[in-house]
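Chains as they are written, first to last, in this note's numbering: chain C, 21 to 330; chain F, 45 to 802.
Using N, Cα and C, we set each Cβ at its ideal position, and we do this for glycine too.
Structure first, commentary second.
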Amino acid sequence: MKPAAFDYVVPRTVPEAVAALGDAGRKAQVLAGGQSLILEMHLQRIRPELVVDINRIAGLDRLSVEGDTLRVGALVRHSVFESAQSAPGPLGALFARAVVNIAHPPIRSRGTMVGSFAWAHPASEWCAIGTALDADIEVHGLEGKRVVAARDYFHGPYRTARRPQELITAVRFPLLGDDTGVGFIEHRRTHFCFAQVAVAAALTVRDGVIGEARIGLVNCADRPLRAGAAERALIGVEVGPPVDGHRLPDGHPFAHAGRIAATQDAAPLAEPFADVEYKRHAIAVLVGRTLCQAANDQRSRLAQPKGDHK
Amino acid sequence: MEQWTRREDRRLLTGQGRYVADIAVPDCLDAVFVRSGVGHGTLRAVDCTAARAVPGVVGAWSAADLSELPAVPYTLLARLSNEESVAGREWPALVKDRVRYAGEAVAVVLGEDRYRAEDGAAEVFCHVDPLPAMVTPSAAADDSVRLFDGLSNIAFRGEAGKPVEESVWREAAAVVEGRYRQQLLMPTPMECRTILAVPEGDRLTVWSGHQMPHRLRRELAALLGWSVDRVRVVVPDTGGAFGSKSATFPEFVVVAFLAVKLGRPVRWIEDRLESMLVATRGRGQDQRVRLAADADGRLLGYELTIEADVGAYPHLGVGLPMQTAWLATGPYTTPQAYATVRSVLTNTMLTYPYRGAGRPEATIALERAMDVMARRLGLDPAELRRRNFIPPESFPYRTPTGRCYDSGNYAAALDLALETLEYDGWRAEQARRRTDPGALPLGIGLSCYVERSGGEAGGLHEFGSVEVGEDGTVTARCGAAPSGQGHETVFAALVAGTLGVAEERVRLVEGDTDEQPEGLGSFASRSAQVVGALLQHVSRRLIDEARERAARLWELPVDEVQWSGGIVHAAEDGSAAIGVADLVKVTGPLRVEDRFESGMAFPFGSHAVVAEVDPELGTVRLLRVVTVDDCGVVLNPTIVRGQAFGSAVQGIGQALYEGMTYDDQGVPVLASGLLDYLLPTFTEVPPIEVKDTCTPSPATPLGAKGAGESGCIGTPAAIVNAVADALRIADPDLLQMPLTPDVVWRAARAPKHEEEVR
Ligand SMILES: Cc1cc2nc3c(=O)[nH]c(=O)nc-3n(C[C@H](O)[C@H](O)[C@H](O)COP(=O)(O)OP(=O)(O)OC[C@H]3O[C@@H](n4cnc5c(N)ncnc54)[C@H](O)[C@@H]3O)c2cc1C
């Protein structure tokens, strides 16, 4: 478990980093938090010839609101999002619900959100949230900057639209309005490991009726998914009163949406201790529960005075 | 403020510990092994030429390059293995012609450091033609593919007790059956295996994190063809063992052999991924049970059939399932009992003792069957157990499967567990939830166990000494070898207490065969019980020796000389008195050494668990875990508590999390290490309430029984029983460990058992 030999550079600016990555002679890897890369290098599943450590590039750690988007720089660590105030309104609440599922505190204090987008693990919480919310990924190459929409970005496990010479500088999320409630529920075997299934949901409700639904599916396919069919089934549906208990009535619209997500949207892959049948069932259950959580969140948000983002 | 509760904690918790990997020796080479990527196959070719050309690589060898490399020594310890099992089934240190488990070493590369050696290992060419890989006993038992040509895959058969008469099954009011799988587990010590071999003159010093340094010395000397005094084994700080560090492993053979051959220090520091692939496994039994009772719930007969997965070579694990057979009947009086063992070779890494070693398997089989029986008879599971406990006045108690229990009060432990748990309250809550469709189902599980500590006949003794220096310092030596249990604290206190001197004056020396020429080591929960008794014994003899010397000095009869608090004085008027340090100055070195033998002891306990199940996802949440253990006289409550707690967490691991899957080449799916094989982490540890009762052991002078394995033995069955109780499924065999969410979800969907059968 030792990495093969590699060269190491520490650029101070984005252009320097891009230049290093563009060195055609050597297979290069960006080092951000290192919480995936270093492990893979130890296992020699990744054998870079050059490691480009971006941790000393000033400004990449910036988290900022620009108009109605949140811009997350490439060095913003997972742990920043443990506070629901890190992003305004429901977006911050969604991030805070999701982030505690990413491994343990030491890993969250180093690992980065952008690194998760770069790594594109099918069980990444951030990637599914980005897909559900239509995030944009900013990449810099030798030819300059381009922006890739999340829906076009993920190509499969660990495969993305980013070219090897490109650096991701940020991911941008649209802010969510106060009429939106959010939910995130993860199912996994222990806190340490990746999700067997997790679901992110954002429901925009006006006058008790769902106007927009966004559902992100984590580890429900070879890449993060947005559950489009389930979302469509929710438009125009009345949210109704909160539901008690662990089991939604079969006829409940959220249970219905869960079944649609599991059968039409998801394409789960078998894993040890979770075959496809089990995963589909878990997806249906979790989508239903997460929608309940989002509806409850929206209700409690309504009950709060305007402008209070807590 | 002094925060440390154990002597060794300051060192270990502040990074001052010194482990094998911390020992810097000039010119030391790192060994890296090239390992088979399939579980079973014919080795066609190994070529190390390219590896030898890698910068920093000092040498690379296959078995063919090292014709004089000895095989891995077999140990026929404590009836756990026998000649017949091992005959013709040699375990080569490097594969010669047949790969029998995934990760088996086919070549070794020595480099100036581990990085370079790994670079070299990557260049070794190795070709294996795969054969069908068998990773379960049932796959291998029919001998359609043989691991050793011309020999059966069944390497051992054994039995305990006598066959239960047919009439018992026929006439019993209730007979229940079950099939239970005891999955293979990884011991997972924090520090993996280590060895550093340093040739010095005509001797070899071997540093290793090891439980049995004297055995390692004996076996290494034998394979080098040397006398034992030419080998010194030293055990520095060791980060856990749990049974997995007591052998001379193939890697150890290679390292010692090459160090001698090259005349250069060589070390092997196993990393986590290697350890996960090729460190010994625990458990590995497929069991069938049959239990008969009369209408009042009195047990009439019990039958346990074990098919054990012993891995690729018949090492110590081959007879280990006899531990299960001998303890089959647990804490109950069962007039007729019969346990049979068939140990099957498979293409998995070897099975070996792992914390509990045969006793968890016995307890889980019986205690699961007891719950099924209680349900069948419509009896409360606690009541069924109570009706069958061996009564406290029946000890020593000879079981039908050949054990003789020393002492016990099983009902007391169960009562305390139920009271601590608030059993009746949880039963009421369970009933309430059953009428509330919105509530998550809740179950209560019990598990009562008896285990054995100290070791088997022939291995119940230990060697050691106590010595007083001219400065009054007391040095105690013994053959034990700790891997984190706190011997420095407990044994120093024990010696100090026996001598009546301050603990600070006592120093403990262990784990060095030059310091302590003979010894057995630390395994089978024996250290407190056996080694403690020895140290008390030699301390008492030291007092006698001091009194005799003073008596001679003062020309008094020895019974007129007394010892108190490190001072010898004349009993009559107290006029003559001499401190032991001065006595040493006057009369010369004072040292007593001896061998001391104890009896086997049988610790016991009752564990109780409340679990909540989400039947939709199959997740299990442990709301309460209560462990009541009885290890006789407790020498140090903090340490016993730590043992109980830690082993309970490992028991939770077996019940809920730990398990391996294999690909079709027989390779365990462990590519992402501990993300694939899940251990309970801090977040998964429920509230665990640790309590004890005290029934001293008459078999050992301290009255202490082993305390190290209780949770691994008692907790798993309590958890599984709680989940089964929550789900009320008709076929409890659906719940096979680990109870992962998919397993529990499937069980939750299965038909429920009828309420109130009778
Ligand atoms: C025990 C454990 C459990 C974990 N559990 C989870 C979990 O449940 N959910 C989860 O999502 N993650 C989990 N992770 C992974 C963790 O979240 C990582 O931090 C994350 O996947 C990658 O972020 P990083 O900053 O550490 O990236 P690195 O490890 O530094 O890099 C990962 C990959 O992305 C590339 N990369 C990184 N940043 C950029 C960039 N700006 N531009 C271009 N390429 C880049 C690297 O070159 C590399 O290929 C876990 C990790 C561990 C060790």
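Legend entry - R570 of chain F versus F:E753, F:E244, F:L666, residue with shortest Cα-Cα distance: The residue labelled residue 570 of chain F in the question sits at position 526 within the second sequence. When each option's Cα is compared against that of R570 of chain F, the closest is F:E753.
Inset, instruction - At 8 Å on the CB atoms, spell out the chain F contacts of V305 of chain C, in chain order. - result: Stepping through the first sequence from its first residue, residue 305 of chain C is reached at position 285. Chain F residues near V305 of chain C: E660, L661.
Inset, instruction - Step through the CB atoms of chain F and report whether any lies within less than 7 Å of the CB of C147 of chain C. - result: One-based indexing of the first sequence puts residue 147 of chain C at position 127. For C147 of chain C, the answer is no, since every Cβ of chain F falls outside 7 Å of its Cβ.
Inset, instruction - For the alpha helix (DSSP H) containing K29 of chain F, list its first residue and its last residue. - result: A query on residue 29 of chain F cannot be resolved here, the shown segment of chain F reaching from 45 to 802 and no further.
Inset, instruction - Please name the residues in the stretch 185–219 of chain C whose beta-carbon is closer than 8 Å to at least one beta-carbon of chain F, in chain order. - result: H207, R209, T210, H211, F212, C213, F214, Q216
Legend entry - Reduced DSSP secondary structure (H/G/I, E/B, other) of A286 of chain C: On the first sequence, position 266 is the one that residue 286 of chain C refers to. Correct three-state label for A286 of chain C: coil.
Inset, instruction - Return yes when at least one heavy atom of ligand 1 lies under 6 Å from the C-beta of G54 of chain C, else no. - result: In the first sequence, counting from the first residue as 1, residue 54 of chain C sits at position 34. Yes.
Inset, instruction - Buried or exposed for Y28 of chain C, please, with buried defined as at least 16 other CB atoms from any protein chain shown within 10 angstroms of its CB. - result: As a position in the first sequence, residue 28 of chain C is number 8, starting the count at 1. Burial call: exposed.
Legend entry - Close Cβ partners of P730 of chain F (< 6 Å) along its chain, the five nearest in sequence each way excluded: By one-based count along the second sequence, residue 730 of chain F stands at place 686. L666, V669, listed in sequence order.
Inset, instruction - Please find out if some non-hydrogen atom of ligand 1 comes closer than 6 Å to the beta-carbon of T132 of chain C. - result: In the first sequence, residue 132 of chain C corresponds to position 112, counting from 1. Yes - ligand 1 has a heavy atom lying nearer than 6 Å to the Cβ of T132 of chain C.
Legend entry - Coarse secondary structure for E619 of chain F, derived from DSSP in three states: By 1-based counting over the second sequence, the position of residue 619 of chain F is 575. Per the sequence shown, residue 619 of chain F should be read as Ser rather than Glu. Of the three classes helix, strand and coil, the one that applies to S619 of chain F here is coil, per DSSP.
Legend entry - L51 of chain C Cβ short of 6 Å to ligand 1 heavy atom set: Along the first sequence, read from residue 1 onward, the residue named residue 51 of chain C stands at position 31. It does: the Cβ of L51 of chain C is within 6 Å (strictly closer) of some heavy atom of ligand 1.
Legend entry - Of the listed residues F:G610, F:V605, F:C72, nearest to A620 of chain F (C-alpha basis): In the second sequence, the residue the question calls residue 620 of chain F occupies position 576. Cα-wise, what sits closest to A620 of chain F is F:V605.
Legend entry - Residue span of the alpha helix (DSSP H) that contains V130 of chain F, given as start and end: As a working mapping, residue 130 of chain F is identified with position 86 in the second sequence. It spans 127–130 - the alpha helix (DSSP H) in which V130 of chain F sits, taken as one unbroken run.
Legend entry - Bounding residues of the alpha helix (DSSP H) (the contiguous stretch that carries G361 of chain F): Here residue 361 of chain F is taken as the residue at index 317 of the second sequence, counted from 1. Unbroken run through G361 of chain F: none, as it is neither H nor E.
Inset, instruction - Output yes if chain C places a C-beta closer than 7 Å to the C-beta of D786 of chain F; else output no. - result: Locating residue 786 of chain F in the second sequence gives position 742, counting from the first residue. Taking 7 Å as the threshold, the shortest C-beta distance from D786 of chain F to chain C falls below it.
Legend entry - Proximal residues of chain C, C-beta to C-beta of P724 of chain F below 7 Å: As a first step, residue 724 of chain F must be located in the second sequence, where it is residue number 680. Ordered by position in chain C, the residues that pass the 7 Å Cβ test against P724 of chain F are T210.
Inset, instruction - Below 6 Å CB to CB, which residues in the same chain sit around L73 of chain C once its five sequence neighbours on both sides are set aside? - result: The count along the first sequence starts at 1 and reaches residue 73 of chain C at position 53. Looking at the sequence shown, residue 73 of chain C is not Leu but Asp. Counting only Cβ-Cβ distances below 6 Å, and skipping sequence neighbours, we find V30, L51.
Inset, instruction - Could you tell me whether any non-hydrogen atom of ligand 1 is closer than 6 Å to the CB of G93 of chain C? - result: Along the first sequence, read from residue 1 onward, the residue named residue 93 of chain C stands at position 73. No, the Cβ of G93 of chain C stays beyond 6 Å of every heavy atom of ligand 1.
Inset, instruction - Kindly give me the distance between the Cβ atoms of V278 of chain F and G83 of chain F, rounded to whole angstroms, as I take these residues to be in contact under 8 Å. - result: By 1-based counting over the second sequence, the position of residue 278 of chain F is 234. By 1-based counting over the second sequence, the position of residue 83 of chain F is 39. Not quite, the Cβ-Cβ distance comes to about 35 Å (not below 8 Å), so this is no contact.
Inset, instruction - Taking all protein chains shown into account, decide if V297 of chain F is buried (16 or more other Cβ within 10 angstroms of its Cβ) or exposed. - result: Taking the second sequence and counting its residues from 1, the one referred to as residue 297 of chain F is at position 253. With 16 or more other Cβ atoms within 10 Å, it is buried.
Inset, instruction - Could you tell me whether any non-hydrogen atom of ligand 3 is closer than 6 Å to the CB of S136 of chain C? - result: As for ligand 3, it is missing from this structure, which binds only ligand 1.
Inset, instruction - Examine chain C for any beta-carbon lying closer than 7 Å to the beta-carbon of T238 of chain F, and answer yes or no. - result: Reading the second sequence from its first residue, position 194 is the one you call residue 238 of chain F. Closer than 7 Å: no.
Inset, instruction - Note down, in chain order, each residue of its chain lying with its Cβ closer than 6 Å to the Cβ of V362 of chain F, except the 5 sequence neighbours on either side. - result: Translated into positions along the second sequence, residue 362 of chain F becomes position 318. The answer, listed in chain order, is S125, S129, A199, F200, V354, S387.
Legend entry - Cβ neighbour criterion (16 or more within 10 Å) applied to A170 of chain C: Here residue 170 of chain C corresponds to residue number 150 of the first sequence, with the count starting at 1. The residue is buried, with at least 16 neighbouring Cβ atoms inside 10 Å.
Legend entry - Residue-level contact to chain F via CB, A294 of chain C, 7 Å cutoff: Looking up residue 294 of chain C in the first sequence gives position 274. By this cut-off, A294 of chain C is an interface position.
Legend entry - Member of C:P244, C:G201, C:V217 whose CA lies at the smallest distance from the CA of D317 of chain C: Taking the first residue of the first sequence as position 1, residue 317 of chain C is located at position 297. Per the Cα distances, C:G201.
Inset, instruction - Check whether the Cβ atoms of R46 of chain C and L63 of chain C sit closer than 7 Å, and answer yes or no. - result: The residue labelled residue 46 of chain C in the question sits at position 26 within the first sequence. The residue labelled residue 63 of chain C in the question sits at position 43 within the first sequence. Not closer than 7 Å, so no.
Legend entry - Pairwise C-alpha distance: R279 of chain C and G150 of chain C: Residue numbering aside, residue 150 of chain C sits at position 130 when the first sequence is read from its first letter. Residue numbering aside, residue 279 of chain C sits at position 259 when the first sequence is read from its first letter. The alpha-carbon atoms of G150 of chain C and R279 of chain C are separated by roughly 23 Å.
Legend entry - chain C contacts made by the stretch 661–691 of chain F, where a contact means CB separation under 9 Å: L661, G662, T663
Inset, instruction - For G710 of chain F, I'd like the list of residues in its chain whose CB is within less than 6 Å of its CB, leaving aside the five on either flank, ordered along the chain. - result: Mapped onto the second sequence, residue 710 of chain F falls at position 666. Closer than 6 Å at the Cβ level, and outside the excluded window around G710 of chain F, lie G83, H84, A146, A177, V179, N391.
Legend entry - Contacts that P481 of chain F makes with chain C (C-beta to C-beta distance below 9 Å): Within the second sequence, numbered from 1, the residue matching residue 481 of chain F stands at position 437. The contacting residues are G265, R267.
Legend entry - Status (buried if at least 16 other CB within 10 Å, exposed otherwise) for G482 of chain F: Position 438 of the second sequence, counting from 1, holds the residue named residue 482 of chain F. With fewer than 16 Cβ atoms within 10 Å of its Cβ, G482 of chain F is classed as exposed.
Inset, instruction - Reducing DSSP to helix, strand and coil, say where E466 of chain F ends up. - result: For this step, residue 466 of chain F is matched to residue 422 along the second sequence. E466 of chain F falls in the coil class under three-state DSSP.
Legend entry - First and last residue of the uninterrupted beta strand (DSSP E) at D163 of chain F: Sequence index remark: in the second sequence, residue 163 of chain F carries index 119 (1-based). Looking at the DSSP string, D163 of chain F is not in any beta strand (DSSP E); the run it does join, the alpha helix (DSSP H), is 158–165.
Inset, instruction - Can you say whether G194 of chain F is buried or exposed, counting buried as having 16 or more other CB atoms within 10 angstroms of its CB? - result: Translated into the one-based positions of the second sequence, residue 194 of chain F becomes position 150. Exposed: under 16 other Cβ atoms inside 10 Å.
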